[in-house]
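Worksheet: one structure, shown below.
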Amino acid sequence: MLSTPAYYRSSSSRASSATVSVVTAMNTEQHAKQAAMAIRGGGTISSIAENEMFRRLLVCALVTLMYEGTIGHILEFVKIVMQTSPSGTTYGQVLRAITADKGIAGLWDGFVPWGVIQSVFKGSVFGVAHHAAKGFLLGCEILPKQLALTMAGGIGGGFQGYVLSPTLLLKTRVMTDPVFREPMSMLRTTYLSLIIGFDVIAKEGISALMKGANVFALKRVFDWATRFYFSDVCARVLLSLSEVDALSSKQKIAADLLGGFFSTVSTLPLDVLVAKTQDAKKAGVKVSALDMFRAELKEKGWAGLRDSYMQGFEARLLHVCFTTVAMKTGAGLMYDLLFE
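Here it is as structure tokens:
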């Protein structure tokens with residue numbers, strides 16, 4: 001018979017062996033399940049869905065598509081038409097011209113297919129580039145946090161600018177081409193919108209798709225850098241005035257709206273230059289943004305230039321403010337809804 005110490009050592013040994021056997025069996029079963037999922041493709045799908053970069057891409061693309069499809073495209077449409085119309089044009093005249101023959105559906109001219117493509121890429125490219133830049137810059141100890149966040153917004157905007165330039169040009173051509181103000185069905189409008197891309201390449205060359213791309217990318221850098229900077233500053237001010245440790249969603253939206261306002265004022269000239277450069281009336285014409293600015297200044301003087309550049313300001317202000325809300329606060333809320 002075993003002594004008492006020997007008995008306990010033997011029991012402990014048997015318990016340990018049993019535990020090891022159970023763990024081994026569980027691991028074997030788990031590996032078998034993972035292997036089965038991999039064979040069916042489930043493992044790959046699961047790993048993609050859990051990838052943070054993919055989540056940011058999906059969220060930003062979804063938020064942008066929803067925003068542009070409801071109000072963003074309409075505001076941008078009205079803004080671009082106002083910016084490329086003769087001085088003195090009113091919003092009432094623009095809206096009547098857009099909806100005269102097609103009704104309210106005319107407000108979505110250019111959204112299919114170029115606006116949809118632009119919306120998806122606008123959100124996804126910015127979301128991925130901004131997330132990667134923010135992660136890298138915040139890891140640099142020499143950079144102040146606010147500077148890192150502002151630079152991340154600018155970098156995301158720069159990448160977005162170059163990727164979106166071709167679709168913005170095609171969408172602007174549709175918005176400013178008188179042909180699309182004629183009576184036609186939504187299907188016909190979509191078909192002609194698609195064909196216009198091939199026409200641009202055939203008549204002006206494929207490089208024409210990047211017309212104004214440098215100005216647009218530069219504009220996007222300043223757009224998103226200023227939107228993030230001013231929104232963050234306004235958020236800190238609101239937080240200092242409140243008696244809470246964190247802002248509510250409504251307060252964040254208020255900070256984004258204020259940030260959007262200051263961003264609009266500071267980047268207005270670049271925005272107008274992009275719209276004028278990509279105007280359908282300048283199709284096939286090599287345009288320099290600086291030369292165009294000088295020519296308009298010479299023709300109209302400072303007073304006339306101011307009036308020209310302020311045309312469409314209200315529509316741009318609303319578009320920028322709501323875009324800032326969508327991408328800063330809206331994207332965060334959508335992420336929490338889908339993945340938290």
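Using our numbering, the first residue of the sequence shown is number 1, and each one after it goes up by one.
Even for Gly, the Cβ is constructed at its ideal location relative to N, Cα and C.
- Ranked by Cα distance from Leu333, the first of Ile104, Lys252, Gly205 is Lys252.
- In this model, Val112 and Ser240 are separated by some 44 Å (Cα to Cα).
- In this structure, Leu218 and Ile196 do not form a Cβ contact; the two beta carbons are roughly 26 Å apart against a cut-off of 8 Å.
- Annotation for Met334: the continuous alpha helix (DSSP H) segment containing it runs 331-339.
- Around the beta carbon of Cys140, a 10 Å sphere encloses fewer than 16 other beta carbons of the protein chains shown; the residue is thus reported as exposed.
- For secondary structure counted as the alpha helix (DSSP H) over 4 or more consecutive residues, the region 54-79 holds no complete run.
- Judged by their CB atoms, Ile80 and Ala202 are not nearer to each other than the 8 Å cut-off.
- Within the region 178-206, the alpha helix (DSSP H) runs of at least 4 residues that lie entirely inside it are, in chain order, 186-204.
- By the neighbour-count definition (other C-beta atoms within 10 Å, threshold 16), Trp114 is a buried residue.
- Scanning its chain for C-beta atoms nearer than 8 Å, with the 5 sequence neighbours on each side dropped, one finds no residue around Ser185.
- Inter-residue distance for Ser242 and Arg181 is about 50 Å (C-alpha atoms, whole angstroms).
- With a 10 Å radius around the Cβ and a threshold of 16 neighbouring Cβ atoms, Val265 comes out exposed.
- Our two residues, Thr226 and Ser248, have alpha carbons roughly 22 Å apart in a direct line.
- For Arg56, the closest alpha carbon among the candidates Ser85, His130, Gly72 is that of His130.
- Under the three-pair Cβ rule at 8 Å, the region 51-69 does not count as touching the region 150-157.
- DSSP places Met210 outside any alpha helix (DSSP H), giving it a letter other than H or E.
- For the pair Gly106 and Ile98, the CB atoms are nearer than the 8 Å cut-off.
- According to the DSSP assignment, Cys140 belongs to no alpha helix (DSSP H), since it is labelled neither H nor E.
- Judged by their CB atoms, Lys134 and Leu164 are not nearer to each other than the 8 Å cut-off.
- Going by C-alpha positions, Ala235 is about 45 Å away from Leu192.
- The residues Lys219, in chain order, have a CB closer than 6 Å to that of Leu270 in the same chain once the five nearest residues on each side in sequence are set aside.
- At the C-beta level, Thr167 and Gln118 come within 8 Å of one another.
- Remark: C-beta atoms of Ser231 and Val320 do not approach each other more closely than 8 Å.
- Between the alpha carbons of Lys300 and Thr277 lies a gap of roughly 18 Å.
- DSSP places Pro113 within a helical segment (H, G or I) once states are collapsed to three.
- At a Cβ-Cβ threshold of 8 Å, Ala326 and Tyr67 count as neighbours.
- The same chain holds no residue with a CB closer than 7 Å to that of Arg294 once the five nearest residues on each side in sequence are set aside.
- Setting aside the 5 residues that flank it on each side, Val59 is surrounded in the same chain by Ala331, Met334, Tyr335, each with a C-beta closer than 6 Å to its C-beta; the list follows chain order.
- For the 8 Å CB-CB criterion, Asp307 and Ser87 form a contact.
- Per DSSP, the continuous alpha helix (DSSP H) segment holding Ala275 begins and ends at 249-277.
- Comparing alpha-carbon positions, the option among Gln311, Glu204, Leu187, Lys298 lying closest to Val272 turns out to be Gln311.
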